[in-house]
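In our numbering, the protein residues as written are 3 to 500.
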């Protein structure tokens, strides 16, 4: 049998390589490779080094942990070697080894493959993204563009799509968010979109490096009833850390806006007013956030929050026997009931045509803005009594939302007029710092009864008309007419839905 000379050489070289891989060199053997260096750039590993006299060729190996992923031989010229290995590597640490191709001890070095991901910055430019495979997280540092906040700019930073990543982190010094900056950062991720105001940490006295994280969370550890209510809908966790330590953030007045991508079921699409946002408190209880709303145009559920926690998309469909689906106020009544702003007049009725009292309205208004009752009502109105609206009325008076009818009286059991509702709403919007940005295209003068609006209610009524919170009907506003429960539900739901 004839053996081809070329095949013989290849066979011998293979045997040498196998011997090199599986035979342990003697401890006293001095490595034939004097030095080795390795670096990675664009799917290429460059390996270079020096060899002792007599070494004609070098075997080069690349390891991922203990796994050999590449083997190559290269020649030695004047005691030096240099070779490129074409291979695509994921971010992480790797080891390069080299030895005389004839065998013997090897010399090794490590090299790192940095993330090649970049986050796009609105207005131009990008930020490097650091990916941690162990925690399935991706991070960006916003410090280099933090000056945008003090300039009053609203900057959007968009993470790229990264397989396996579930947590997205944005970091910058806490001092940057502790001033009076009017700009904002919007962090756009695969889990959701979060807008951070430039004064988010003002008054908290925090120093050090802060990081805000948005990401999907697992349901493990939650009670069965909570898991059943959430189902397979999104569950997100928002956290703040300072110098690596999780820090509580509960800061009324500087809300963070969050939008979660969501595709409703067929039933939910028929009742979008019943799509809500829950947060899960420390007792694992689902608490509805009144301002959560589904945005069909963008396919998201959006809400504002002044504290960080677990947040879930939910579906809470509430119906009343005296509120028919064909009624013009059906969606509004169901919407505020789904958000636990109202519980109706009983478990099954709402009485939409009944007049609403001043005490009832102040209760619904405070719940709409998630303002808790005051436990200490010593400075309340003289006629506040001791009933369901007492604590809400005390909070409204303390905040300056409710000013009463004179002589420290509020007249809570008196029917409330439409222009009184408009005035209380306008005060709440201003005091809570939550202006509306809608534009109805209408003004107060577009209504035939604009002259009937009292002087003390004109500014409030004009504002709510122009921003679309109040639409009127039949070309009139009916400012002096007592409001019904259905009309009130409509106004409050517009504040949420828009």
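Cβ atoms here follow ideal geometry from the backbone N, Cα and C, with glycine treated the same way.
May I have the straight-line CA-CA distance separating residue i from residue j, to the nearest angstrom?
i	j	result
residue 560	residue 436	No answer is possible for residue 560: it lies beyond the span of the chain, which begins at 3 and ends at 500.
residue 71	residue 65	6 Å
residue 114	residue 77	25 Å
residue 107	residue 142	42 Å
residue 480	residue 464	13 Å
residue 336	residue 94	52 Å
residue 30	residue 109	Residue placement at residue 30 is flagged as unreliable, the pLDDT there being 48, under the threshold of 50; the coordinate-derived value follows with that caveat. Their backbone Cα atoms lie some 14 Å apart in a straight line.
residue 482	residue 261	39 Å
residue 2	residue 293	Past the boundaries of the shown model lies residue 2; the chain is included only from 3 to 500, so the question cannot be answered.
residue 276	residue 123	35 Å
residue 166	residue 134	10 Å
residue 285	residue 365	25 Å
residue 237	residue 194	11 Å
residue 79	residue 200	59 Å
residue 370	residue 494	7 Å
residue 327	residue 140	46 Å
residue 144	residue 178	10 Å
residue 32	residue 63	19 Å
residue 459	residue 409	20 Å
residue 291	residue 205	25 Å
residue 299	residue 186	23 Å
Apart from the five residues on each side of it in sequence, which residues of its chain come closer than 7 Å, Cβ to Cβ, to residue i?
i	result
residue 347	353
residue 18	Note that residue 18 scores a pLDDT of 49, beneath 50, so its modelled location is shaky; the value from the coordinates is reported in the next line. These residues qualify, in order along the chain: 103, 104 and 105.
residue 356	486 and 487
residue 412	360, 383, 385, 386, 395, 404 and 406
residue 321	336
Measure the beta-carbon distance from residue i to residue j and round it to whole angstroms, keeping in mind my assumption that it falls under 8 Å.
i	j	result
residue 137	residue 169	7 Å
residue 180	residue 151	Not a contact, Cβ separation roughly 11 Å.
residue 491	residue 338	5 Å
residue 462	residue 424	5 Å
residue 263	residue 302	6 Å
residue 289	residue 312	The Cβ separation is near 11 Å, so there is no contact.
residue 502	residue 111	Residue coverage of the chain in this structure runs from 3 to 500, which leaves residue 502 outside it and unanswerable.
residue 217	residue 239	6 Å
residue 426	residue 367	6 Å
residue 402	residue 429	7 Å
Inspect the beta-carbon positions of residue i and residue j and report whether they are closer than 7 Å.
i	j	result
residue 344	residue 323	no
residue 174	residue 148	yes
residue 176	residue 207	no
residue 154	residue 184	yes
residue 49	residue 61	no
residue 278	residue 372	no
residue 53	residue 35	yes
residue 2	residue 228	Since the first residue of the chain shown is 3 and the last is 500, residue 2 is not available in this structure.
residue 171	residue 219	no
residue 416	residue 456	no
residue 56	residue 83	no
residue 310	residue 243	no
Excluding sequence positions up to five away, which residues of its chain have a Cβ less than 8 Å from the Cβ of residue i?
i	result
residue 163	192
residue 441	468, 469 and 470
residue 190	158, 159, 160 and 161
residue 419	481, 482, 483, 484 and 485
residue 45	88, 89, 90 and 91
residue 474	449, 467 and 480
residue 478	449, 450 and 451
Give me, in chain order, the residues of the same chain whose beta-carbon lies closer than 6 Å to that of residue i; leave out the 5 immediate sequence neighbours on both sides.
i	result
residue 274	296
residue 444	467
residue 254	308
Compare the C-beta of residue i against all C-beta atoms of chain C and say whether one is closer than 7 Å.
i	result
residue 125	Among the protein chains of the structure shown there is no chain C, as only one such chain exists.
Would you be able to state if there are at least three C-beta pairs under 8 Å between the region 228–239 and the region 310–329? Yes: the two stretches touch, three or more of their Cβ pairs being nearer than 8 Å.
With a cut-off of 8 Å, do at least 3 Cβ pairs link the region 441–450 to the region 388–403? No contact exists between the region 441–450 and the region 388–403.
Between the region 419–434 and the region 377–387, can you find at least three pairs of beta-carbon atoms closer than 8 Å? Three or more beta-carbon pairs separated by less than 8 Å are not found between the region 377–387 and the region 419–434, which leaves the two stretches without contact.
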